[in-house]
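The C-terminal position of the sequence shown is numbered 793 in the working numbering, with every residue numbered one higher than the one before it. Glycine included, C-beta positions come from ideal geometry on N, C-alpha and C.
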Amino acid sequence: MSKRSGAFSPKGKFLLVDRDIDTLHGITVTLHNRGYEVRACDSYEEALTYLGAETYDFILVDQGSPYFEGRAVLDRAMEIDRHTPVLIVTRFLHMACYLEAMQRGAVDYLVKPIPSASLIWVIGTHLPQRCAAA
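So, in structure tokens, the structure goes:
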């Protein structure tokens with residue numbers, strides 16, 4: 660994301676992971692419009708690379724299928740910093756994946772499509788205070 664004439668101060672840095680390009684784009688736009696810096700990835704492997712190289716204030720990851728492919732990103736995020744909020748999103752609710760995600764450290768689990776107001780509320784609830792005050 661480009662910074663505008665040095666005056667831009669992000670409210671927080673997000674990692675978004677979703678294989679659905681339309682969802683990825685929509686959430687990216689929603690967050691950019693609210694002043695957040697966003698790194699968007701359309702693969703779990705790409706996200707794992709970024710997790711090892713950069714730090715994030717909030718992570719949103721798609722569950723994938725009932726096999727919970729997003730688990731690797733959640734687990735790696737928890738290894739790096741257990742206090743980083745990780746939100747799991749999915750197209751279909753899978754109770755076993757929900758329970759596993761919460762046990763592994765996710766702060767919430769939402770079913771798509773997620774209204775912008777709901778997403779912003781969840782983020783505001785879990786985003787570390789140091790970012791929310793920026």
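Asked	Found
Does the beta-carbon distance from residue 677 to residue 699 come in below 9 Å?	yes
Excluding the 5 residues preceding and the 5 following residue 728 in the sequence, name in chain order all residues of the same chain whose CB lies nearer than 7 Å to its CB.	703
Any chance the segment 759-766 sits against the segment 686-698, with 3 or more Cβ pairs inside 8 Å?	no
May I ask you to list the residues that DSSP assigns as paired with residue 746?	719, 767
DSSP state of residue 759, grouped into three classes?	helix
Cβ of residue 716 within 9 Å of Cβ of residue 786?	yes
At a threshold of 8 Å, does residue 783 count as lining the ligand FAD (C-beta to nearest heavy atom)?	The ligand FAD is absent from the structure shown, which contains no ligand whatsoever.
Using the DSSP secondary-structure output, state which residues sit across from residue 672 in a beta bridge.	696
Given residue 742, which residues of its chain have a CB within under 6 Å of its CB, disregarding the five upstream and five downstream residues?	none
CA-CA distance, residue 630 and residue 719?	Outside the displayed span of the chain (660 to 793) sits residue 630, for which this structure offers no information.
Hey, would you say residue 745 sits closer than 9 Å to residue 733, going by beta carbons?	yes
Any idea what DSSP makes of residue 734, helix, strand or coil?	helix
For residue 667, which of helix, strand or coil comes out of DSSP?	Confidence at residue 667 is low in this model, with a pLDDT of 47, below 50, so its placement is unreliable and the value that follows should be read with caution. Coil.
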